Amino acid sequence: MHQRKMIRLKISSKVLIYFLVIALLPLFVVTTLLVNSAKSQLLEAAKTKQQIIANKTAESVDNFLADKINLLVFQSRDYSIRKFIEPDSSQNLAVLIRQDADLEKVSLLDPKGVEKVAFNKQGPVSKLTNYSDSDAYNAVIFLKGREFVSSVSYNKNGDPLITIAVPLLENDFSQNLDNLSQANLGIYKSSDDIKGILLANYNISDLWQSVLSTKIGQGGYAYVVDGLGNLVAHPNKKYLATHQKIAKVQAVSEFINGQEDTRQTVSEVGLDVISTPHKLVHSGWAVIVEEPVTSVYAGVNSFIKLSAIIILSAAVLSIITSLIFRNQLLIPIRKLTFGAKKLGSGDFDHKIAINSNDELRELATTFNNMGLNIKQLVSNLESRNVHLFIEQTKLNGIIGSVSDGIIALNAKGEIVTVNPPAAKLINKQAAELYGKIMTDLYPWERESKHFAPELQKPGLYHYTDLVLPRGSDVLYLDLMVTVIEQKQSEVAAIISIHDQTQARELDYMKLDFVAIAAHELRTPLTVIQGYLSLLNADAIKQLTIYNIENLQKAITGTTQLRNLINKLLSIARIERGEMEINIGKLDLPKLVKEIVGQHATAASQKEQRIAFNSSVAGHVFVPGDISSLSEVLNNLIGNALKFTEAGGTVQVNLKMINDMVRVEVVDDGPGVPTELRARLFTKFYRVERSLIAGSRGTGLGLYISKTIIELHHGKIGIEPYTGKGSTFYFTLPIYDPKKHGMLISNKKEAGGIHGWFKKRATGRR
Amino acid sequence: MAGLKNVLLVEDDPMIREMYRIILVDRQYKIEMAGNSEELFKKLETFHPDCILLDVMLPGMSGLEILKLLRTDPKYGCQKTKIVILSNLAQRSVTDSAIELGADGYVIKSDILPKDLPEIISSLED
């Protein structure tokens with residue numbers, strides 16, 4: 001639930017942000033551009049307006065001052081005034097003050113600055129003033145005969161006052177006296193030319209009223225400063241009184257430094273203002289028109305307000321739209337999410353219903369189909385799982401119950417399955433072995449060397465005679481390894497281990513017993529046959545024929561006993577794999593002839609005939625061990641003679657068949673019944689036969705002969721039963737120096753000694 | 001019968017020892033006998049055989065161990081002496097070891113008769 005909420009929050013906020021951006025960004029940009037353009041237009045308009053107003057205001061002040069100065073200059077030309085001729089000069093002053101409402105006091109000063117005559121609105125002033133220390137007087141002197149306009153001062157009523165002083169000079173008649181201006185006051189060469197000063201005090205309330213009442217836009221105003229930055233007039237009188245010197249105000253200081261255009265500055269109270277200074281002609285003053293920036297841009301404010309309202313409305317609309325859109329989008333998504341959760345929890349039947357005719361419905365349909373498919377797949381898988389489980393159980397049962405060890409490995413050689421017999425081989429519990437590397441746990445050996453069974457290449461491998469050390473013992477094992485194509489399954493190899501140890505130990509015990517028993521039997525046999533042979537001829541002669549026969553029987557018995565023991569030992573050797581032959585280049589017809597000859601005497605005694613027939617004249621060489629092959633021939637011929645009645649014939653034939661030589665021993669005895677033939681050459685047969693017909697000593701010999709012939713890469717067998725007699729045969733390959741030369745040279749020395757004693761051992765029969 | 005006339009027989013079984021002595025004395029061999037390794041080594045101090053007939057299954061040191069000593073230790077003076085193993089053991093492991101240790105022949109006692117011995121000894125002559 002929590003997660004779903006988070007997703008919803010994310011999507012809705014995204015949608016909201018998109019909508020706001022789409023709706024508001026262009027609006028905001030356009031508004032900003034419009035406001036900026038309006039502002040610059042307003043600024044231009046304000047500047048123009050300021051310049052006009054500044055111009056007009058300056059003009060009115062200039063005109064005012066020019067009128068006053070011209071009038072005073074005009075009076076200063078009057079002879080009576082210049083020469084202090086009374087009463088004319090007083091009359092002129094009286095007229096002057098009467099005619100000019102602004103004029104509060106007018107005086108005539110002598111060149112030293114002392115008042116000679118003065119008038120105010122009430123009439124002549126009786127108490128005359130010395131102006132020699134006044135600014136006006138000194139300024140006129142200082143200005144070298146030019147008129148002076150004072151700063152503004154205020155009377156006790158708070159009315160603004162200015163003083164204008166005009167020097168009294170000799171007329172310059174070279175000039176047109178009708179063209180009156182402050183430029184042509186008269187002749188001035190030195191301060192001595194100043195004959196007096198006409199001093200006038202004006203109440204400039206009316207002018208100020210007009211200047212200071214100037215309104216520019218909303219909050220714009222005009223004020224006047226003199227050339228030193230002293231405030232001359234300002235709409236705020238209180239401010240005037242306390243801040244006379246305002247040269248530090250930006251507009252003023254820039255004006256002093258010669259800037260006269262319209263610009264944005266900072267006012268004396270720290271407001272951003274647009275200001276325009278305008279210099280006056282007659283006084284070095286300046287009218288400065290200022291309007292706060294806020295006031296300049298006041299016209300935009302309504303537009304900004306309107307824009308803000310529009311933007312806000314757009315934002316609200318966007319939010320509402322985005323909410324509606326979000327719901328449109330989120331409800332199906334929520335349905336899908338819910339459906340997916342249902343699916344995830346295994347409810348494959350859950351259907352998502354989305355009615356909107358769009359991609360979402362398509363998605364829902366696809367989703368529903370997917371649910372159906374998954375349901376199908378899951379049910380298939382489940383049934384397969386059940387099947388697999390049953391198989392697994394069966395398999396586990398089988399693996400667990402077999403006595404052979406079974407180990408399954410994965411591709412990395414790690415054990416994935418192991419049954420208790422396999423674990424027991426290394427004294428472990430099966431559970432301990434899972435995931436371990438098999439070759440680490442089982443140090444296989446073969447012929448005392450480390451042995452690694454094939455685990456990579458797919459196929460079936462059978463290894464016998466493996467050794468596994470376990471503590472101080474060793475185990476003898478056969479291995480069956482099945483390596484599987486590794487892509488198909490987790491299991492890469494299955495190893496089945498057959499423990500041969502017990503069987504082998506039994507075998508060895510049996511064989512050791514045979515070997516030891518044979519040795520133990522041989523010692524008394526040696527003594528018996530040795531001492532029998534030592535009976536000297538003289539002693540034998542004294543015996544009766546009957547006793548000689550008895551002695552002969554004893555000797556025959558010991559010979560049979562010796563042969564039996566030797567056969568038992570041969571069997572033991574075969575079983576242990578110790579039976580070896582010492583191959584030499586052997587002339588087979590010569591050997592056969594020799595052996596046949598050895599049997600001739602015994603045969604004639606039984607009135608039997610024995611004959612050797614060779615289809616080959618001269619030598620036929622075979623790679624053979626002379627003593628082993630002698631044993632085979634003795635065996636076959638001995639058997640044939642034993643089963644042949646008196647008067648019967650044994651034939652030994654030698655033939656060449658391709659690259660093999662074949663020796664047959666044919667007798668005309670009763671033959672071997674068919675049912676016995678199959679087992680004739682097996683060791684089981686010998687056991688049975690030797691127990692039943694031990695004295696006849698047949699079976700062991702055939703088993704040994706078979707082994708010897710096979711070691712020579714030949715074949716031994718019996719021809720099919722024809723109802724009379726039997727034909728035993730063996731074949732041997734003909735000697736080929738290329739094939740057999742190596743075998744002989746390798747065995748030469750050992751062959752010499754063995755051959756030497758064996759020849760004697762078997763040569764005597 | 002020139003050559004190998006001085007024979008030393010090492011055999012613990014008195015009956016077999018006697019049997020071989022009879023035949024060898026009869027054939028004019030000079031024969032000395034020992035029943036075990038100690039007796040053998042003692043005999044070798046005074047007797048220098050041409051041929052030693054050596055049994056394997058002996059009390060104490062085995063015939064193969066004796067063979068090894070005689071072939072490797074010069075103090076016995078028997079490094080070149082002809083030595084034939086005379087035993088009833090026929091296991092491959094024993095016969096192979098005997099040859100490896102330097103025996104000149106290996107004879108299974110039960111496979112020969114006493115009268116074969118002179119023939120065996122004379123066959124050892126170079």
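Chains A and B, in that order, give the protein sequences. With the first letter of the first sequence counted as 1, position 730 gets the number 730 in this note's numbering; the numbers rise by one all the way through. With the first letter of the second sequence counted as 1, position 24 gets the number 24 in this note's numbering; the numbers rise by one all the way through. Cβ atoms here follow ideal geometry from the backbone N, Cα and C, with glycine treated the same way. Bear in mind that the values here come from a model prediction, so they are computed numbers and not experimental data.
Taking C-beta atoms as the reference points, Y137 (chain A) and I85 (chain A) fail to come closer than 8 Å.
Of all residues in the segment 109 to 125 of chain B, the ones placed with a Cβ closer than 7 Å to any Cβ belonging to chain A are K109, S110, D111, I112, L113, P114, K115 and D116, in chain order. Beta-bridge annotation (DSSP): E664 (chain A) is paired with A:N653 and A:Y729.
Counting along the chain, the unbroken alpha helix (DSSP H) around F389 (chain A) starts and ends at E359 to S401.
Listed along chain B, the residues sitting closer than 8 Å to I565 (chain A) by beta-carbon distance are S110. Between the C-alpha atoms of G624 (chain A) and E391 (chain A) there is a straight-line separation of about 57 Å.
Taking a beta-carbon distance threshold of 8 Å, R92 (chain B) counts as an interface residue toward chain A. Residue-level contact by beta carbon holds for T523 (chain A) and chain B, with a gap shorter than 8 Å.
Residues are counted here when their Cβ sits less than 9 Å from a Cβ of chain B; for the segment 576 to 599 of chain A these are R576, E578, M579 and E580, given in chain order. In this structure, DSSP gives I23 (chain B) a helical state, which the three-state scheme calls helix. The C-beta distance from I626 (chain A) to L591 (chain A) rounds to 7 Å, short enough to fall under 8 Å. The segment 86 to 127 of chain A is shown to contain whole alpha helix (DSSP H) runs of 4 or more residues at 88 to 99, in chain order. Boundaries of the alpha helix (DSSP H) harbouring P118 (chain B): L117 to S123, taken from the DSSP string. G400 (chain A) and I66 (chain B) have their alpha carbons spaced roughly 55 Å apart.
Between the segment 69 to 87 of chain B and the segment 559 to 573 of chain A, the count of C-beta pairs closer than 8 Å stays below three; the two stretches do not touch.
The C-alpha of V15 (chain A) is placed about 53 Å away from the C-alpha of V289 (chain A). Judged by beta-carbon spacing, L168 (chain A) lies within the 8 Å limit of I81 (chain A), meaning their Cβ atoms are closer than that value. From the beta-carbon of Q560 (chain A), no residue of chain B is found nearer than 7 Å; the closest lies around 12 Å away. Taking 8 Å as the upper bound for CB-CB distance, T482 (chain A) and L466 (chain A) are not in contact here, some 16 Å apart. Close to chain B, meaning a Cβ-Cβ distance shorter than 8 Å, are the following residues of the segment 527 to 541 of chain A: V527, Q529, G530, Y531, S533 and L534. Listed along the chain, the chain B residues whose CB falls inside 9 Å of the CB of A515 (chain A) are L89, A90 and Q91. Going by C-alpha positions, D478 (chain A) is about 29 Å away from L700 (chain A). The beta carbons of K112 (chain A) and I216 (chain A) sit no closer together than 8 Å. Ranked by Cα distance from L228 (chain A), the options A:G270, A:V273 and A:S151 are led by A:S151.
Counting C-beta pairs closer than 8 Å gives fewer than three between the segment 381 to 389 of chain A and the segment 351 to 361 of chain A, which falls short of the contact rule. Sequence-distant Cβ neighbours of N368 (chain A) in its own chain, meaning closer than 7 Å and more than five residues away, are K351 and I352.
Under the Cβ distance rule, M61 (chain B) does not count among the residues neighbouring chain A, no pair being separated by less than 8 Å. Sixteen is the threshold: when 16 or more other Cβ atoms of the shown chains lie within 10 Å of the Cβ of T81 (chain B), as they do, the residue is buried. Taking 8 Å as the threshold, the shortest C-beta distance from L569 (chain A) to chain B falls below it. At a cut-off of 8 Å between beta carbons, I22 (chain B) contacts chain A. Beta-bridge annotation (DSSP): L477 (chain A) is paired with A:L466 and A:D499. Per DSSP, Q264 (chain A) is one residue of the beta strand (DSSP E) stretching across R263 to V266. Under DSSP, L199 (chain A) takes part in a beta bridge, and its partners are A:S107 and A:A165. Scanning chain B for C-beta atoms nearer than 8 Å to the C-beta of R504 (chain A) yields nothing, as the closest lies near 17 Å away. As DSSP reads the structure, L71 (chain A) sits in no beta bridge. Within the DSSP bridge table, the entry for Y221 (chain A) names A:E290 as partners.
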